[in-house]
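**Student:** Here it is: the structure, laid out below.
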Amino acid sequence: MNIETTDGLTLADRLAANTGRFTDKTFDWNAFPSNSGFDELARAQMRYIGAGGSPKVGDTSTLKPDNFTLSLIYKEPGRYAACHSHEIEESFLIIDGALIVGWERDGEVVEVNLGPRDMILNAREIGHGFRVDGVEPVMMSISVDVGKPLPPVYHYHPKEHPSELARSFGAEPGKTLAFDRRGAHPLQKLMSDYVVRHHELPTIRDAAGLTRKVYVGDAPGAIAHDTCRKEMWGLPAGAALAPFTRSAEDAVLCLEGAVEVVWVDANGDEAVVELGPRDLVKTPAGQAHYLRNPGAGAATLWTVIGTAGDDGAVYAKG
Ligand SMILES: [Fe+2]
201 MNIETTDGLT LADRLAANTG RFTDKTFDWN AFPSNSGFDE LARAQMRYIG AGGSPKVGDT
261 STLKPDNFTL SLIYKEPGRY AACHSHEIEE SFLIIDGALI VGWERDGEVV EVNLGPRDMI
321 LNAREIGHGF RVDGVEPVMM SISVDVGKPL PPVYHYHPKE HPSELARSFG AEPGKTLAFD
381 RRGAHPLQKL MSDYVVRHHE LPTIRDAAGL TRKVYVGDAP GAIAHDTCRK EMWGLPAGAA
441 LAPFTRSAED AVLCLEGAVE VVWVDANGDE AVVELGPRDL VKTPAGQAHY LRNPGAGAAT
501 LWTVIGTAGD DGAVYAKG
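Using my numbering, the first residue of the sequence shown is number 201, and each one after it goes up by one.
Right, dumping it as structure tokens:
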């Protein structure tokens, strides 16, 4: 669906066409062909924007990506993703559960345990895998930049390596190091630059009581990056922002509470959609929009913005 050609569509039509509703979608257990036949690798994907690393790029129920994709991934305890690398960057934002992510180089692996609202950005060409060791399934949001969607290169896939080696991302016994921000190993140092802990990030208080934790962008504690920005927003009950416009697209994925995404046209007419948990709106570049919270409690929103630079948006009280 091309929202740039708006002939015959109302503002409300266009907003509806850019809304991804959790209950309208299904999890796809066959999104990744390389997992086929390996129950230990099973994972399900719910696509919101683009295919996100799956070859299912023709899925018409997903929104067309501009600068990034966004999907949910569900993985159950005991399962893992085999160590692989690719030319695109991807981020994992944990929503529920605890996820072990391993980075491998020359047979050595550094593993980090990520909890809810922690994030890792997997750097280009770094061998990485993940595993659920905890007692509850993991739900996470994956965003991939759309630069070069080449298939992943597997380093330690169970079809070519013993299952135990694949499960440890290629580390023989004794070759796994724990994530440590003060660790001396070069891989520990590298990974430290790409792991964001929610509790370590400062909270920025903007106009209208909007709170922001900047995961990827130009802010203290954030990962500096050249494609997209990623932020966790908090919007108190009853708060509203003034309309703003960006030079790139953004996506708002509601994690908690409720939020209304309001689009405004050149005449000042508005269209509104309310989001609950796991609902998303993608707003294209140049579309004036704002957020307000109609709920009884604060809303928590995962916000992805399709440029690393200044997009011209100003957040003010509405
Ligand atoms: Fe990956």
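A virtual CB, placed ideally from N, CA and C, is assigned to each residue, including glycine.
(1) Apart from the five residues on each side of it in sequence, which residues of its chain come closer than 7 Å, Cβ to Cβ, to Thr-269?
(2) Using DSSP's beta-bridge definition, name the partner residues of His-328.
(3) For Asn-202, I'd like the list of residues in its chain whose CB is within less than 6 Å of its CB, leaving aside the five on either flank, ordered along the chain.
(4) So that I know if they touch, is there some Cβ in chain D lying closer than 8 Å to that of Val-514?
(5) Which residues neighbour ligand 1 when neighbourhood means a C-beta less than 7 Å away from any of its non-hydrogen atoms? List them by chain order.
(6) Compute the beta-carbon to beta-carbon distance between Asp-318 and His-398, rounded to the nearest angstrom, for a pair I have assumed lies under 8 Å.
(7) Can you look up Phe-222 in the DSSP assignment and give me helix, strand or coil?
(8) Could you check what DSSP says for Met-201 in three-state terms: helix, strand or coil?
(9) So, under 8 Å CB-CB, Gly-329 and Gly-302 are touching, yes? Tell me the CB distance rounded to an integer number of Å.
(10) Run through DSSP, which three-state label would Ser-291 get?
(11) Taking the straight line between their C-alpha atoms, what separation do you get for Pro-255 and Gln-245?
(12) In terms of DSSP beta bridges, what is Thr-483 paired with?
(13) Can you tell me which of Thr-223, Pro-265, Asp-213 and Leu-241 puts its alpha carbon nearest to the alpha carbon of Glu-449?
(14) Going by DSSP in three states, Gly-409 sits in which element: helix, strand or coil?
**Tutor:** So, to answer that:
(1) Ile-249, Gly-250, Ala-251, Gly-252, Ser-343, Val-344 and Val-346
(2) His-284 and Trp-303
(3) Per-residue confidence for Asn-202 stands at a pLDDT of 37, beneath the threshold of 50, marking its modelled position as unreliable; the derived number appears in the next sentence. Nothing meets the Cβ criterion.
(4) No chain D appears in this structure, which consists of one protein chain only.
(5) Gly-253, His-284, His-286, Glu-290, Asn-322, His-328 and Pro-352
(6) So it is a contact: roughly 6 Å between Cβ atoms.
(7) helix
(8) Confidence at Met-201 is low in this model, with a pLDDT of 37, below 50, so its placement is unreliable and no value can be given for it.
(9) 5 Å
(10) Here Ser-291 sits in strand by DSSP.
(11) 12 Å
(12) Asp-450
(13) For the set Thr-223, Pro-265, Asp-213 and Leu-241, the Cα lying nearest the Cα of Glu-449 is the one of Pro-265.
(14) Gly-409: helix per DSSP, three-state reduction.
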